[in-house]
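Below is one structure, written out as structure tokens; the observations come after it.
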Amino acid sequence: MVQHLIVPVDGSDASWRAVDVAVQLARRSDTPVDVIEVVFDEHDAGEAEARLTERLEQHDTSGVHVTTHVHVAAESVAQVIGSEVEQHPEVTVVIASHGRGRSAALLGSVTEELLERIFGPILVVGPHVTTGGFDGPILATVDGSHESESVLPLAAAWGIELGSEPWIIEVAEPQSSMSADVSESAYPARLARRLAKDSGHPVQYEVLHGEHVHDEVADFASSIDASLIVASTRGRTGMSRFVIGSTAAAIVRHAPCPVLLVRPPHLAP
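For the working numbering, count along the sequence shown from 1 and bump the result up by 1.
In structure tokens form, the structure reads like this:
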């Protein structure tokens, strides 16, 4: 699954945090990494190349094949990266989030545009991510919708490749925790059994309780030292469960590990 990683940087410390994450993932999956900076004036290319070389020397890339490239954009950063992905479908983009608000303001305009341009997962590195070795469990969030469940095969595939155990996580309303009703766990349990059968590997599941999905998912990820969260950019709609404007973006903002955002197949361009 992980065959080639592209990391867009813009000179900021936040963007280079994604490089550290990509290098750790590359060590785990024996994958090359391309660090890309995009400029809008060809006269800036030389300075950008020198900056990339100098900055890369400040990061530990031992054991990983890392290359740097400067591209001159005619349209946008996302257009350049999207073209690279189109030419190399096996590429996974690793990108840091920017901003403090919801949706585009949180994920950053480049990430938002990439999610519109390409069909494929994007690994987003939020502000609270600490670089790990990708040896912990993988969490896949579901909410009862087909869109959220579409991430499960990908979560299983990444789990197999990284040697990590997948968990299916559902967040229920707080009042549900007052009941000992076994049927509450029937939905994630059914999904776990099906995914384990299809993948041939064990799958765990858990029902969490809370008003805010992102808080519960982030706290659980911390408690089991998860290495990755997989989430759909679309899910069940409603007053308290709608994405990308709230749930998926908020998970990125609060997660202690990277979030693999997946756009449901029917939303492909």
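The beta-carbon is built from N, C-alpha and C at its ideal position, and this holds for glycine as well.
What's the call for residue i, buried or exposed, on a 16-neighbour Cβ count within 10 Å?
i      : result
Pro203 : exposed
Pro175 : exposed
Thr32  : buried
Thr54  : exposed
Gly12  : exposed
Ala251 : buried
Met179 : Summary for Met179: the model assigns pLDDT 47, below 50, so the residue's position carries little reliability; its value from the coordinates is reported in the next sentence. When all chains shown are included, Met179 counts as exposed.
Ala255 : Here the sequence assigns His to residue 255, which means Ala is not the residue at that position. Counting Cβ neighbours within 10 Å, His255 comes out buried, since at least 16 surround it.
For a test of the three-state rule: what should DSSP assign to residue i, helix, strand or coil?
i      : result
Gln80  : helix
Asp226 : coil
Asp14  : helix
Ser184 : helix
Pro167 : strand
Glu174 : coil
Val22  : helix
Gln88  : helix
Pro189 : helix
Pro9   : strand
Contact defined as beta carbons within less than 8 Å: I believe residue i pairs with residue j. What is the distance between those atoms, to the nearest angstrom?
i      : j      : result
Val3   : Thr93  : 6 Å
Val22  : Val126 : 5 Å
Leu57  : Val40  : With 8 Å as the limit, Leu57 and Val40 do not qualify as a contact, their Cβ atoms being about 17 Å apart.
Gly259 : Ala219 : The question names Gly, but residue 259 in the sequence shown is Pro. So it is not a contact: roughly 12 Å between Cβ atoms.
Trp168 : Tyr206 : 6 Å
Glu217 : Leu229 : Incorrect: roughly 17 Å between the Cβ atoms, too far for contact.
Quick one, which of the options has its alpha-carbon nearest residue i's?
i      : options                         : result
Thr234 : Asp61, His255 and Val152        : Val152
Glu171 : Leu192, Ser165 and Ala158       : Leu192
Val143 : His44, Val73, His215 and Val67  : His215
Val263 : Ala23, Arg254 and Val231        : Val231
Pro90  : Ser184, Ile123 and Ile96        : Ile123
Leu140 : Ala51, Ala227 and Arg254        : Ala227
Asp199 : Asp14, Val10, Ile161 and Gly134 : Ile161
Pro9   : Ala46, Ser30, Trp168 and Ala79  : Ala79
Ser98  : Ser224, Gly137 and Trp17        : Trp17
Ser63  : Glu185, Ser77, Gln88 and Gln25  : Gln25
Chain B beta carbons: is any one of them nearer than 8 Å to that of residue i?
i     : result
Glu55 : This model lacks chain B altogether, as it is built from one protein chain only.
Counting along the chain, where does the beta strand (DSSP E) carrying residue i start and finish?
i      : result
Asp35  : Val34 to Val40
Thr62  : No beta strand (DSSP E) holds Thr62; DSSP gives it neither H nor E.
Ile139 : Ile139 to Val143
His210 : Gln205 to His210
What residue range is occupied by the uninterrupted alpha helix (DSSP H) comprising residue i?
i      : result
Ala74  : Counting along the chain, Ala74 falls outside any alpha helix (DSSP H), and DSSP gives it neither H nor E.
Val253 : Thr248 to His255
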